[in-house]
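Following my numbering, the numbering of the sequence shown begins with 4 at its first residue and continues without gaps.
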Amino acid sequence: MMVESIFLLYFFLLAIICFPSKIKAVNNILVCLLFLLFFLIAAFRPEDSDKDSGIYYNAWYYAFYGAIIEASFVFIRDVLRYVLELPVRSILVVYAFLGVFIKFVAIKRVSNLFYLSLLVYLSHYYILHDLTQIRAGVAAAFFLLSLPYLYERNPIKYFLCIGLAIVFHYSAFFLLFLYFVNPKKDEKIYPYLIPIGYIIYFLGFNVIVEIPIPYFQEKLKLYQEGIESGDKQSSTINVFNYAMILKIIVFYFMYVFKDKLVEYSKYSTMLLKINALSIFAFAALSVIPAISYRIHELFNIVEIILIPLIIYIYRNRFIGYGIVIIYTLIFLLLDILYNELIINPGFL
């Protein structure tokens, strides 16, 4: 019932969006209930329900995984396993709580369309991160939490959030460079980043530099070995896949109305820039597909806040809501039916 649980949650959210309540107490109860449902599904999903579960079960039992996995995971594992003497399920519970709770807090702070943002979150990033790439999921949650500090140019709080993100997944290191993005100024270069990324892809340039950190070197080595051995996940990438084409279309569509969007969300300019950078990274870094996907998905989690803003483009809000709902449904179906991120449909 794993897939059924996600679809039931999706349509429950749709019902809340279609029949909103203006009573604060009711909304508070709904937020708590939704958090509980998101958390329980992630925490108590069955073993082997996703493509990464084997990594975490092996990392629980075998010490050598400490060389290729973040120290935070090893620390949490050792506390749960040796100090508290809890079963392997406990680490999924901890990561589910952190990933879901921090994202809920961040969405509540940044989005003025909370339930619609949750729908975008559920349709893709919940499945990708909180049900699959749980370490990246916590890192992405801290990134979402950092967005107000990035906008306010508060370096201490921003770098603290990103530092915590790096602790949970070292790929979050690249988020440090976003501080040099001007969050308020409309700079004309960003719409051109996407075609530039694809030019780099066609020319075959390797823009991934050597990073003098052992973990990165080990990861690059593993990814390169995967490419050379012909491993499908490591060696194949389609930079013109349907999902990416849709993301590019939506980016340029929203960019045309950027002046209107900023009237409703002060973060919209910053979010569009990060969105453009994520698509650029996907194409430009595609020489190593695993890194291309990782950086793209990490940056592009801002879609959770950005995509709902489409409703403000149309005078008739029903059209905007319809576009957002169709967008989320497409990604939900892609993740479950095409990408098969959920490989074991059972629940509990």
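For every residue, glycine included, the Cβ atom is placed at its ideal position computed from N, Cα and C.
The structure displayed is predicted, hence computed values, not measured ones.
query: Could you give the C-beta distance for I165 and L178, rounded to a whole number, given that I count them as a contact under 8 Å?; result: 5 Å
query: Please report how far the alpha carbon of V290 lies from the alpha carbon of R297, in whole angstroms.; result: 13 Å
query: Is I339 near L134, with beta carbons less than 8 Å apart?; result: no
query: Measure the beta-carbon distance from L312 to Y267 and round it to whole angstroms, keeping in mind my assumption that it falls under 8 Å.; result: 6 Å
query: Taking all protein chains shown into account, decide if G207 is buried (16 or more other Cβ within 10 angstroms of its Cβ) or exposed.; result: exposed
query: To which residues of the same chain is V265 closer than 8 Å at the C-beta, ignoring the five residues directly before and after it?; result: S271, T272
query: Determine, using beta carbons only, whether I110 and I307 come nearer to each other than 8 Å.; result: yes
query: Could you say if the region 247-254 and the region 153-165 meet the contact criterion of at least three C-beta pairs nearer than 8 Å?; result: no
query: Report the rounded CA-to-CA distance for L89 versus I79, giving the unit in angstroms.; result: 11 Å
query: State yes or no: is the C-beta of L16 within less than 8 Å of the C-beta of L116?; result: no
query: Taking only the alpha-carbon atoms, compute the straight-line gap between F171 and N319 and give it to the nearest angstrom.; result: 42 Å
query: Less than 8 Å separating the beta-carbons of F38 and F104?; result: yes
query: Shortest alpha-carbon distance to A46 belongs to which of K188, F76, I192, F100?; result: F100
query: Count the other CB atoms within 10 Å of the CB of P198; is the residue buried (16 or more) or exposed (fewer)?; result: exposed
query: Does DSSP put I203 in a helix, in a strand, or in coil?; result: helix
query: Taking C-beta to C-beta, are F42 and R138 nearer than 8 Å?; result: no
query: Let me confirm a value: L87 is counted as buried when at least 16 other C-beta atoms fall within 10 Å, else exposed. Which label applies?; result: exposed
query: For Y204, count neighbouring C-beta atoms within 10 Å of its own C-beta (all shown protein chains included) and say buried if the count is 16 or more, exposed if not.; result: buried
query: Could you spell out where the alpha helix (DSSP H) holding I251 opens and where it closes?; result: 245-259
query: Tell me whether the beta-carbon of G325 lies closer than 8 Å to the beta-carbon of I316.; result: no
query: For I105, name the three-state secondary structure that DSSP assigns.; result: helix
query: According to the neighbour-count rule (16 or more other Cβ atoms, all chains shown, within 10 Å of its Cβ), is N31 buried or exposed?; result: exposed
query: Return the residue from the list Y255, A143, A175 that minimises the CA-CA distance to A279.; result: Y255
query: Per the DSSP calculation, D53 is bridged to which residue(s)?; result: I345
query: Anyone know if the C-beta pair for I304 and A175 falls short of 8 Å?; result: no
query: Counting C-beta neighbours from all protein chains within 10 Å, is the total for E7 16 or more, i.e. buried, or is it exposed?; result: exposed
query: Look up D189 in the DSSP assignment and say whether it is helix, strand or coil.; result: coil
query: Below 8 Å on the Cβ atoms is my contact criterion, and I expect G140 with H132 to pass it. Report the Cβ-Cβ distance as a whole number of Å.; result: 3 Å
query: State the CB to CB distance for the pair Y201 and A286, rounded to an integer number of angstroms; the pair is presumed to be in contact (CB under 8 Å).; result: 5 Å
query: Suppose contacts are defined by Cβ-Cβ distances below 8 Å. Is S295 in contact with I240 by that definition?; result: yes
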